[in-house]
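As structure tokens, the structure follows; a few thoughts come after it.
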Amino acid sequence: MAAGEIDPKTANAERNEQLKALLAACTLKDRRAFAQLYEMTSAKLYGVILRILVRDTWAQDCLQEAYIKIWNSADSYRPYLAAPTTWMATIARNQALDLLRRRRREVQMAEPEKLLEASDSKMMPLERLQQSDEGRRLNDCLERIKSQQRQVIALAYFKGLTHEELASQTGTPLGTIKTWIRRGLEQLKRCLEP
Amino acid sequence: MTQQNQKSPAPDLAGEYVLGTLQGERQADFEHRLKEDHALQAEVSAWEQRFAPMLEAIEPVSPPLDVWRNIEQRLDPSSRPEKMGVLNSLGFWRNLGLIMASLVMVLTLTLFGIDRADFEMDRVLVVMNDQSQAGWIIGTAGSSGQLLVKAVAPTRVPKDKVCQLWMETNDGRLVSVGILPERGAARMNVPVSLRGDSRFMISIEPVAEIPATQPSGEFVFEGGLTSI
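As they're listed, the protein sequences go chains A and B. Under the numbering used here, the first residue of the first sequence is numbered 835, with each subsequent residue one higher. Under the numbering used here, the first residue of the second sequence is numbered 939, with each subsequent residue one higher.
Pasting the structure below:
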């Protein structure tokens, strides 16, 4: 690497350290630190929520809820278990899935065939997975599992569909859905082992 | 173990929990176990990490400025503009739903806690406990000459023992800062001038004989502040 160039890994590690310190300050109810945390992470979290909810008015309400939750539960963040961005993105995803499940009845679901098609291309940001080492590994492993398994995993992960909903939405027997998910997860875990 | 027949493998509960397909009673049972079971917590965390690149890969989108303003207003009801009288209207609460209403209540309760401190940190230190987890968070605010200490998961000590916080002066002398709280938050006065590179140490001491100049045994933690 050329002198003076900033190694993206180092930059990322530094950013993570800063986010950890900001979260620590949030447990002490430091509002300025919270504002800074929001500034550094809100676009990321809004992207995640928007991907799940699609509708922007819901996504904005949900983003609010996610940050209130982050503020209130900053002291339950465990640095040895997860990177700060993963912890926050998980809160955002869970918040969005909760809202989506509550409002499921209001949402017109797409036709089954279209849903399966859409699940691969739209929901899995596969091309962008290539941008990090972890992403490339996950992408390689996802490509190794059968496309149907990959699709139901994507639908569950990004749309919060239950086994029963996956079965009815994709027109697949419930037992098959359960098997696809079990196999998919098992293969993914094995493939991602260090 | 390597059979490749039609039999479905046993469900990976942590994996299904993170994926979101664990629902109803199975989810409730799992969450109940999760509270106490550290191995299970680590499994859940490992699954979150496995899927994390999918969230990481999503293109960031800047949210409208309103969102931050609303968050600020919810954290600090006193700064809420007049037109937010809408809060009193029934429709607002209906739309908001019970879940958020209870969140607001929790929030209001915490506002009577240390929220009022209005303490803006410029440096923090995460003090590890005996399990190498965040035990206390210590924050400093510039010229205040005070530390704000919050107990997160303090090191468990016998009833007759306490955790004592120490600081090193510029000339390498040790001074006692105070006793770390077992729960809640506390403010402590810093006995010497605080610097960015100040070092902090923790020792475990008998309540009956708290030392003033040096710890009775070895330090169980040592660390410095991180600027934010």
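Glycine residues also receive a C-beta, built at the ideal position from the N, C-alpha and C atoms.
- Within a 10 Å sphere around the beta-carbon of B/Ser-1141 sit 16 or more other beta-carbons, which makes this residue buried.
- Take B/Pro-1119, set aside five residues on each side of it, and the residues of its chain with a beta-carbon closer than 7 Å to its own are Val-1087 and Ala-1089, in chain order.
- With respect to chain A, the C-beta atom of B/Val-1090 has a partner C-beta closer than 8 Å.
- Closer than 8 Å to the CB of B/Asp-967 there is not a single CB belonging to chain A.
- DSSP lists B/Val-1100 as the beta-bridge partner residues of B/Glu-1143.
- For the segment 949-1028 of chain A, the full-length alpha helix (DSSP H) segments reaching 4 residues or more read 960-963, 967-978, 981-993, 997-1004 and 1008-1026 along the chain.
- Assigned with DSSP and collapsed to three states, B/Arg-1007 falls in helix.
- For A/Gly-994, same chain residues with a beta-carbon under 6 Å away, outside a window of 5 residues either side, are Leu-931, Leu-934 and Arg-935 in chain order.
- Taking the Cα positions, B/Pro-1129 is about 15 Å away from B/Ala-1079.
- For the segment 980-1008 of chain A, the set of positions with a beta-carbon nearer than 7 Å to some beta-carbon of chain B reads Ile-987, Ala-990, Tyr-991, Gly-994, Thr-996 and His-997 in chain order.
- With its beta carbon at least 8 Å from every one in chain B, A/Ile-925 lies outside the interface.
- In the assembly as shown, B/Lys-1097 is an exposed residue. Its beta-carbon has fewer than 16 other beta-carbons within 10 Å.
- In the displayed model, B/Ala-1072 falls within a strand according to three-state DSSP.
- Here B/Asn-1127 carries a strand assignment [DSSP, helix/strand/coil].
- One thing to note: A/Val-986 has its Cβ no nearer than 8 Å to the Cβ of A/Thr-1013.
- Collapsing the DSSP output to three states places B/Leu-1086 in a strand.
- Within a 10 Å sphere around the beta-carbon of B/Ser-1000 sit fewer than 16 other beta-carbons, which makes this residue exposed.
- In the assembly as shown, B/Pro-991 is a buried residue. Its beta-carbon has 16 or more other beta-carbons within 10 Å.
- The shortest CA-to-CA distance from B/Gly-958 to any of B/Gln-1152, B/Asp-975, B/Asp-1068 and B/Trp-985 is the one to B/Trp-985.
- For B/Thr-1107, same chain residues with a beta-carbon under 8 Å away, outside a window of 5 residues either side, are Val-1113 and Val-1130 in chain order.
- Apart from the 5 residues on each side of it in sequence, A/Leu-879 sits with its Cβ closer than 7 Å to the Cβ of Leu-897, Ala-900, Met-922, Ala-923 and Ala-926 in its chain, given in chain order.
- In the DSSP annotation of this structure, the continuous segment of the alpha helix (DSSP H) that includes B/Met-992 starts and ends at 976-994.
- With respect to B/Ser-1154, B/Glu-1143 sits close: the two C-beta atoms are nearer than 8 Å.
- Scanning chain A for C-beta atoms nearer than 8 Å to the C-beta of B/Phe-989 yields Leu-972 and Tyr-991, reported in chain order.
- Here A/Arg-865 carries a helix assignment [DSSP, helix/strand/coil].
- Comparing C-alpha distances from B/Gln-1102 to each of B/Pro-1149, B/Arg-1121, B/His-976 and B/Leu-1085 shows the shortest one belongs to B/Pro-1149.
- Secondary structure of B/Arg-1137 (DSSP, three-state): strand.
- If you check each beta-carbon in the segment 895-906 of chain A against every beta-carbon of chain B, the ones closer than 9 Å belong to Asp-895, Leu-897, Gln-898, Glu-899, Tyr-901, Ile-902, Lys-903, Trp-905 and Asn-906.
- Ranked by Cα distance from B/Gln-961, the first of A/Gly-1018, A/Pro-1028, A/Gln-965 and A/Ala-990 is A/Ala-990.
- In the same chain as A/Gln-870, and ignoring 5 residues on each side of it, the C-beta atoms closer than 7 Å to its own belong to Leu-856, in chain order.
- At a Cβ-Cβ threshold of 8 Å, B/Gly-1116 and B/Leu-1163 do not count as neighbours.
- Using a Cβ-Cβ distance cut-off of 8 Å, the segment 856-868 of chain A and the segment 877-892 of chain A are not in contact, since fewer than three pairs of beta carbons, one from each stretch, lie closer than that value.
- Interface with chain B (8 Å Cβ-Cβ cutoff): A/Thr-891 is excluded.
- With a threshold of 8 Å between beta carbons, A/Arg-912 makes contact with chain B.
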